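Undergrad: Here it is: the structure, laid out below.
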Amino acid sequence: MVSRAAMAGLVLSVAAGAWLIVAPFALRFQPHGARWTVATRIDVGVGAALLTAGIAGVLIAVSGRVRELYADAEQDESR
Amino acid sequence: MSGRGSRYLAGLSVAAVGLVAGGWLALTPYAFAFHDRERLTAWATGAGLAVLSAVSLGCWTALWRRRLRADRVLGPAGSRRWRRSRRRQARAERLVKATRRRELSVAPDPAQVLTDLRELLTPLLTDHSLVADRVVVQSPPPSPLVSAPSPPPAGCDNQPVMGGWLSQPAAVAAPDAAVNADAAEASHTVQAPGQVRGPRSASFLAAPTKELLVVGSGEEESW
Chain A
38 MVSRAAMAGL
48 VLSVAAGAWL
58 IVAPFALRFQ
68 PHGARWTVAT
78 RIDVGVGAAL
88 LTAGIAGVLI
98 AVSGRVRELY
108 ADAEQDESR
Chain B
3 MSGRGSRYLA
13 GLSVAAVGLV
23 AGGWLALTPY
33 AFAFHDRERL
43 TAWATGAGLA
53 VLSAVSLGCW
63 TALWRRRLRA
73 DRVLGPAGSR
83 RWRRSRRRQA
93 RAERLVKATR
103 RRELSVAPDP
113 AQVLTDLREL
123 LTPLLTDHSL
133 VADRVVVQSP
143 PPSPLVSAPS
153 PPPAGCDNQP
163 VMGGWLSQPA
173 AVAAPDAAVN
183 ADAAEASHTV
193 QAPGQVRGPR
203 SASFLAAPTK
213 ELLVVGSGEE
223 ESW
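If you read the sequences in order, they're chains A and B.
Our numbering numbers the first residue of the first sequence as 38 and each following residue consecutively.
Our numbering numbers the first residue of the second sequence as 3 and each following residue consecutively.
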């Protein structure tokens, strides 16, 4: 349960980053073709950072979990 | 960092980044004077992200602690006794390491050891006075009672007794038999200072021989 919640937190971080990138354009507070406002720049920057970190975290967490499963399987075979 | 630890560390790092980003997003509308819609979006997203990241941080922390307990790196939750015993064990190990004597880096030369041993033992074997000072050998006195039993005299009831024949009633003959037994035993007694008197002490206090056999270092030497 806790493990699933932790993984869900990582996925939601990725989703939050994606939402922050898209939000200025989706909510139309960034005019089309105009120079980016301060709010847009902050949202896109923070969103990009969150998206990158979240994707990296998900990949590392999944690979670590798979490695644990392999190690447990090897221990079961050795017994 | 082990593979298992990197997984939890990555989760914790992402959660921490999310927490910081959420706090930043929650504060920027006030710092940069955002408009209504921008402020609402930034504040709501930041607050939600901060809460989400805090929960994620707690989950990853709990997961890592559980894993460390399973690997016996951490003790039972909240166990003071476990921590105390672990500190004591570490202190004892340090003490043992500090008091442990170093072994010889180079093994002693067997030939040199044999030479030293020979120098120590040669005076003991050649000097007979040392042995004579410590060992007193009592020569057996001539005892006619211990010699071959004589034929039974007249009036004897022909019962063989230690050292002779029973020529009188048993109650009278018993002290003489005891005296004879003591004399026979004394003839074989070897007494040494500090040793218990008895015939068994003669086994290791026998007359010294001229030969010594040294065994134990892989090579035998006889001289």
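We put the beta carbon where it would ideally sit given N, CA and C, even for glycine.
Just so we're clear, the structure is a prediction, and the values are computed from it rather than from any experiment.
What is the rounded straight-line gap between the Cα of A/Val48 and the Cα of A/Ala63?
TA: 21 Å
Undergrad: Is it buried or exposed for A/Leu96, if we count other Cβ within 10 angstroms and need 16 for buried?
TA: exposed
Undergrad: Name the two residues that bound the continuous alpha helix (DSSP H) containing A/Met180.
TA: Limits of chain A in this structure are 38 at one end and 116 at the other, which puts residue 180 of chain A out of reach.
Undergrad: Below 7 Å on C-beta distance, what does A/Asp80 contact in chain B?
TA: In chain order: Ala44.
Undergrad: Run the CB neighbour count on B/Pro31, radius 10 Å, all protein chains shown included, and call it buried at 16 or more, exposed below.
TA: buried
Undergrad: Would you say A/Ser115 reaches chain B, if we count a Cβ-Cβ gap shorter than 7 Å as a contact?
TA: no
Undergrad: Does the beta carbon of A/Ile58 come closer than 7 Å to any beta carbon on chain B?
TA: For A/Ile58, the closest Cβ of chain B is not nearer than 7 Å.
Undergrad: Is there a Cβ of chain B sitting closer than 7 Å to that of A/Ile92, yes or no?
TA: no
Undergrad: Keeping to the same chain, check which residues put their C-beta closer than 6 Å to that of B/Leu70; ignore five residues upstream and five downstream.
TA: Taken in chain order, the residues that qualify are Leu76.
Undergrad: So the candidates are A/Ser50, A/Pro61, A/Ala71 and A/Ala60; which of them puts its Cα closest to the Cα of B/Val22?
TA: A/Ser50
Undergrad: Go through its chain and collect everything with a Cβ distance to A/Gln67's Cβ below 7 Å, but skip five positions before and after it.
TA: Pro61, Trp73, Thr74 and Thr77
Undergrad: For B/Arg86, which residues from the same chain have a beta carbon less than 8 Å from its beta carbon, with the 5 sequence-adjacent residues on both sides left out?
TA: none
Undergrad: Suppose the cutoff is 8 Å on Cβ atoms and the five residues either side in sequence are ignored; what does the same chain contact list for B/Pro78 look like?
TA: Arg71 and Trp84
Undergrad: What are the residues in the segment 60-77 of chain A lying within 7 Å of chain B by C-beta distance?
TA: Ala60, Leu64, Phe66, Val75 and Ala76
Undergrad: Check the Cβ-Cβ distances between A/Leu88 and every residue of chain B, and say whether any is below 7 Å.
TA: no
Undergrad: In angstroms, rounded to a whole number, what distance separates the CA positions of A/Ala90 and B/Lys99?
TA: 46 Å
Undergrad: For A/Trp56, tell me which candidate among A/Val99, A/Ala98, A/Leu106 and A/Gly82 has the shortest Cα-Cα distance.
TA: A/Gly82
Undergrad: Run through DSSP, which three-state label would B/Ala204 get?
TA: Note that B/Ala204 scores a pLDDT of 48, beneath 50, so its modelled location is shaky and nothing firm can be said.
Undergrad: Give the residues of chain B in contact with A/Leu106, contact being defined as C-beta atoms less than 9 Å apart.
TA: Per Cβ cutoff of 9 Å: no residues; A/Leu106 is ~12 Å from chain B at best.
Undergrad: Grab the span of the alpha helix (DSSP H) containing A/Thr74 for me, first residue to last.
TA: Premise fails: A/Thr74 is in no alpha helix (DSSP H) and is neither H nor E.
Undergrad: Which one of B/Leu126, B/Gly50, B/Trp62 and B/Arg74 has the shortest CA to CA distance from B/Tyr231?
TA: Here chain B covers residues 3 to 225 and nothing more, so residue 231 of chain B does not appear.
Undergrad: Compare the C-beta of A/Ala110 with all C-beta atoms of chain B and state if any pair is closer than 7 Å.
TA: no
Undergrad: Compare the beta carbon distance of B/Thr47 and B/Leu65 with 7 Å and say whether it is the shorter of the two.
TA: no
Undergrad: Please look up how many angstroms separate the CB atoms of A/Gly54 and B/Ala17, rounded, as I've assumed it's under 8 Å.
TA: 13 Å between Cβ atoms; not a contact.
Undergrad: Hey, A/Ala108 and B/Ala12 are a contact pair by Cβ (cut 8 Å); roughly how many whole angstroms apart?
TA: Rounded, the Cβ-Cβ distance is 18 Å, inconsistent with contact.
Undergrad: Relative to the C-alpha of B/Ser15, which residue among B/Arg120, B/Leu59 and B/Gly50 is closest?
TA: The option with the nearest alpha carbon to B/Ser15 is B/Leu59.
Undergrad: Within the 7 Å Cβ cut-off, does A/Val48 reach chain B?
TA: no
Undergrad: Taking Cβ-Cβ distances shorter than 8 Å, what residues in chain B pair up with A/Ala42?
TA: Val57, Ser58 and Cys61
Undergrad: Helix, strand or coil: which one does DSSP assign to B/Leu76?
TA: coil
Undergrad: Which whole-angstrom value describes the C-beta separation of B/Val19 and A/Leu87, a residue pair presumed to lie in contact below a C-beta threshold of 8 Å?
TA: 7 Å
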